[in-house]
Amino acid sequence: MWALTALLLLVSSSGQAATLEKPILSLHPPWTTIFKGERVTLKCDGYHPLLLELRPISTLWYLGHLLLPSHKKSIEVQTPGVYRCQTRGAPVSDPIHLSVSNDWLILQVPYTPVFEGEPLVLRCRGWYDKVVYKLHYYHDGQAVRYFHSSANYTVLQARASDSGRYQCSGTMRIPVESAPMFSAKVAVTVQELFRAPVLRVMGPREVRGAALGGVVLRCDTHLHPQKRDTPLQFAFYKYSRAVRRFDWGAEYTVPEPEIEELESYWCEAATATRSVRKRSPWLQLPGPGSPLDPASTTAPRAAALAPGNKPLFFRKPPVSRSVPSVTSVPSTTSTGLQFPASGAPTAGPPACAPPTPLEQSAGALKPDVDLLLREMQLLKGILSRVVLELKEPQALPELRGTPETPTSHFAVSLGTPETTPVES
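Under mature numbering (1 follows the signal peptide of the UniProt record, and there is no 0), the residues of the sequence shown are numbered -17 to -1, 1 to 407, in order.
Right under this line is the structure:
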């Protein structure tokens, strides 16, 4: 008795656990459009209780909101509409839309969703399998394929661009060849297998184990719920160079020597057969404390660095281009008088600051500059005396206190501030 009770409890608990799974509704043959009078089979696969359960096994069938009388796992139908099924303790299955046509030509598409990378098969069928000649397939009004007689149109690896409205046309011999006939248009949607990946920097709490001196990048993407068991591979690139080729891991650690190279990265996600490949946008590694750094919580420059981690800078520190201060040189004249400069000398750099390369070069050139300034002042004084003699010939001898003739000439010497008369 106790053993039977325990077995019933086990069955009940397993039934409650299975309530999270939807039953799978399938169609045979797998075409959603049929001719009037034809029949197809629907099959409901899902959780069914064990035989020890007291109540009988049952499957519920729905046509729209109408409950059908059958409780079998599979039924044959020929009525158009939306079909669903439900097993005990489970939610309602996904729907199947069945269409019934009375045309001479129909375009048949599979009932199951078509995902990226999977084959897309279209079938143009004549009335009760009559042969169709001069067969054309159309995609959004444009002819994409021609066959001499009946044949399926197959896209080996479907893409999102293959979504749209399809149609076919052809002729049939009933009993003679008819005029071209067209099928009704059918909408086809290629489902996205997974989203375009996004490359991001993992935070310290997300990294498993210690990432010694490196930055961990992760290539994130999301699979469609119906394809969540599809395995994906990931590759990582630095510009156009692959730093890690396709592998099952979605994470990549940037080695420490490459951190300061300041180059952008991107990743690529793909199926194992490479039938679907998608790449992420570019990612430039943020420096610690920068606004893009996920570890920065306050000011961009105030974030503390973890021990052993080097900061990632995007640009070199600016080079100082300030002009060093120049001390004014006192002016001298030909008579040896010195006049103070018009501006006061500027204060030099602090004693604690090391001299810059510009300051060192200015110090080396200072004696030459002083000598050039003295030469210029001496030349200025001599020229002023020559001009004064030319304007007032009698004034110059009086200033010197010695008789002089108007026709006297001067020999100028740059080595002395005085002039000596030379008689002709």
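For every residue, glycine included, the Cβ atom is placed at its ideal position computed from N, Cα and C.
Since the model is a prediction, treat every value here as computed from it, not as a measurement.
- Task: Using three-state DSSP, classify W110 as helix, strand or coil.
- Result: Position 127 of the sequence shown, counting from 1, holds the residue named residue 110. In the three-state reduction of the DSSP assignment, W110 falls in the helix class, which pools H, G and I.
- With DSSP as the reference, label E239 as helix, strand or coil. Within the sequence shown, the letter at position 256 stands for residue 239. When DSSP states are grouped into helix, strand and coil, E239 belongs to the helix group.
- Item | Length of the line joining the Cα atoms of Y116 and G153 | For the purposes of this step, residue 116 is taken as the residue at position 133 of the sequence shown. For the purposes of this step, residue 153 is taken as the residue at position 170 of the sequence shown. Straight-line Cα distance between these residues: approximately 6 Å.
- Message: Just verifying my parser: in three-state terms, what is the DSSP assignment at Q209?
- Response: The sequence position of residue 209 within the sequence shown is 226, counting from 1. For Q209, the three-state secondary structure derived from DSSP is helix.
- Task: Just mark P277 as buried or exposed, buried being the case when its beta carbon has 16 or more other beta carbons within 10 Å.
- Result: Residue numbering aside, residue 277 sits at position 294 when the sequence shown is read from its first letter. Caution applies to P277, whose pLDDT of 46 falls short of 50 and renders its modelled position unreliable; the value that the coordinates give is listed next. P277 sits exposed, since fewer than 16 C-beta atoms from the chains shown fall within 10 Å of its C-beta.
- Three-state secondary structure assigned by DSSP to A324: For the purposes of this step, residue 324 is taken as residue 341 along the sequence shown, with counting starting at 1. Only weak support exists for where A324 lies, its pLDDT of 45 falling under 50; the value from the coordinates is given anyway. Coil, per DSSP.
- Task: Could you check how far apart the C-beta atoms of V171 and G147 are, in whole angstroms? I think they sit under 8 Å.
- Result: Stepping through the sequence shown from its first residue, residue 171 is reached at position 188. Stepping through the sequence shown from its first residue, residue 147 is reached at position 164. Going by Cβ atoms, the distance from V171 to G147 rounds to 7 Å, so yes, they are a contact pair.
- Query: With C-beta atoms as the reference, is Y248 less than 9 Å away from F219?
  - Reply: Taking the first residue of the sequence shown as position 1, residue 248 is located at position 265. Taking the first residue of the sequence shown as position 1, residue 219 is located at position 236. Against a cut-off of 9 Å, the Cβ pair of F219 and Y248 comes out as a contact.
- Under three-state DSSP, which class holds C250? Here residue 250 is taken as the residue at index 267 of the sequence shown, counted from 1. Of the three classes helix, strand and coil, the one that applies to C250 here is strand, per DSSP.
- Query: Whole beta strand (DSSP E) runs in the stretch 50 to 99 with 3 or more residues, listed along the chain?
  - Reply: The qualifying runs are 57 to 60, 64 to 70, 79 to 84, 88 to 91.
- Message: With distance defined between alpha-carbon atoms, name the residue in V181, W110, P102 nearest to I157.
- Response: As a working mapping, residue 157 is identified with position 174 in the sequence shown. If we check each option's Cα against that of I157, W110 comes out closest.
- Message: Restricting to Cα atoms, I'd like to know which of L105, Q267, S9, N85 is closest to I79.
- Response: Walking along the sequence shown from the start, residue 79 turns up at place 96. I79 has its Cα closest to that of S9, out of L105, Q267, S9, N85.
- Decide if Q69 is buried, meaning its Cβ has at least 16 other Cβ atoms within 10 Å, or exposed. As a first step, residue 69 must be located in the sequence shown, where it is residue number 86. When all chains shown are included, Q69 counts as buried.
- Task: Kindly list the residues whose CB is nearer than 6 Å to the CB of C27, restricted to its own chain and excluding five residues on each side of it in sequence; keep chain order.
- Result: If you number the sequence shown from 1, residue 27 lands on position 44. Listed in chain order, the non-local C-beta contacts of C27 below 6 Å within the same chain comprise P6, L8, T42, K56, C68, local neighbours out to five positions each way being set aside.
- Message: Let me make sure I understand the geometry here. Which of P12, M155, A233 has the alpha-carbon closest to that of D86?
- Response: Residue 86 sits at position 103 when you count from the first residue of the sequence shown. Each of P12, M155, A233 was checked against the Cα of D86, and the nearest Cα belongs to M155.
- In chain order, what residues of the same chain have a beta carbon less than 8 Å from the beta carbon of T213, not counting five sequence neighbours either side? Walking along the sequence shown from the start, residue 213 turns up at place 230. So the qualifying residues of the chain are L176, F177, L206, T254.
- Message: Does the structure place the stretch 58 to 68 close enough to the stretch 131 to 149 that three or more beta carbon pairs sit under 8 Å?
- Response: No, the stretch 131 to 149 does not touch the stretch 58 to 68.
- Indicate whether M164 and L90 have their beta-carbon atoms separated by less than 9 Å. Taking the first residue of the sequence shown as position 1, residue 164 is located at position 181. Taking the first residue of the sequence shown as position 1, residue 90 is located at position 107. Between M164 and L90, the gap from beta carbon to beta carbon reaches 9 Å or more.
- Task: Out of F217, D145, V83, point me to the one whose CA is closest to P180's CA.
- Result: Residue mapping note: residue 180 aligns to position 197 of the sequence shown, counting from 1. Measuring from the Cα of P180, the nearest candidate turns out to be F217.
- Any idea what DSSP makes of R368, helix, strand or coil? Mapped onto the sequence shown, residue 368 falls at position 385. Here R368 sits in helix by DSSP.
- Message: Let me confirm a value: W265 is counted as buried when at least 16 other C-beta atoms fall within 10 Å, else exposed. Which label applies?
- Response: By 1-based counting over the sequence shown, the position of residue 265 is 282. By the 10 Å Cβ count, W265 comes out exposed.
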